[in-house]
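Only one structure is covered here, and it is reproduced in the block below.
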Amino acid sequence: MTTEAQARDDLQGELLELEHRGWRSLCDGTGADFYGSLMTADGLMVLAHGQAFDRATVVASLNEAPTWSGYEIDDVRLVAVGPDEAALVYRARAHRGSADSEFVALMSSVYTRRDGAWRLALYQQTPVPAQA
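Numbered per the working numbering, the sequence shown spans residues 61 to 192.
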């Protein structure tokens, strides 16, 4: 494997670990703290219900949100934008205890490196319709 391919794999792994940490925080009830520290000051989350939340609104909403029981991530793709910017796109399945509570969406997380750490600048959910 070339050093460029290895660097790309390493970057994808690093950003995917941040996504897993985020999902675990949504499962254990610490999402407000996690995303409050991960998001940039001007970061946005564009959510499946059609609203865009700034960081303060994300934190407030996660303080009130029910936790997820579990999640899965697959079909992960990395879009390298620059040396300090990258997007991670994947499909997530999450549930709150029962199969009828399953949420399936494509997720896009745009990260920027600031002061040596990756920070979430933009996150978007696109719901995947149930199969007919």
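The C-beta atom is built at its ideal place from N, Cα and C for all residues, glycine as well.
Where does the unbroken alpha helix (DSSP H) through residue i begin, and where does it stop?
i	result
Glu-74	63–88
Val-188	Per DSSP, Val-188 belongs to no alpha helix (DSSP H) and is neither H nor E.
Asp-93	91–98
Helix, strand or coil for residue i? Go by DSSP, reduced to three states.
i	result
Ala-140	strand
Arg-156	coil
Ser-129	coil
Leu-122	helix
Ala-108	coil
Trp-178	strand
Ala-146	strand
Arg-151	strand
Does residue i pass the burial test, meaning 16 or more other C-beta atoms within 10 Å, or should it be called exposed?
i	result
Ala-152	buried
Gly-103	buried
Ala-146	buried
Ala-192	Interpretation of Ala-192 is limited by its pLDDT of 44, a score under 50 that renders its predicted location unreliable; the figure taken from the coordinates is listed afterwards. With fewer than 16 Cβ atoms within 10 Å of its Cβ, Ala-192 is classed as exposed.
Gly-130	exposed
Ser-161	exposed
Gly-91	buried
Glu-79	buried
Out of the options, point me to the one whose CA is closest to residue i's CA.
i	options	result
Ser-85	Pro-126, Arg-174, Val-170	Pro-126
Trp-128	Gly-82, Leu-76, Val-149	Gly-82
Met-167	Pro-187, Thr-117, Ser-158	Pro-187
Gly-157	Leu-76, Cys-87, Val-106, Thr-63	Cys-87
Gln-184	Gly-176, Thr-100, Val-149	Val-149
Arg-174	Gly-73, Val-119, Thr-100	Thr-100
Ala-165	Ile-133, Thr-62, Gly-73	Ile-133
Let's see if you can read the secondary structure: which residues bound the beta strand (DSSP E) around residue i?
i	result
Ser-169	163–174
Does the region 170–183 touch the region 88–103, meaning 3 or more C-beta pairs lie closer than 8 Å? As far as the Cβ criterion goes, the region 88–103 touches the region 170–183, which means the pair count is three or higher.
Is the region 110–118 touching the region 139–151 in the sense that three or more CB pairs, one from each, lie closer than 8 Å? no
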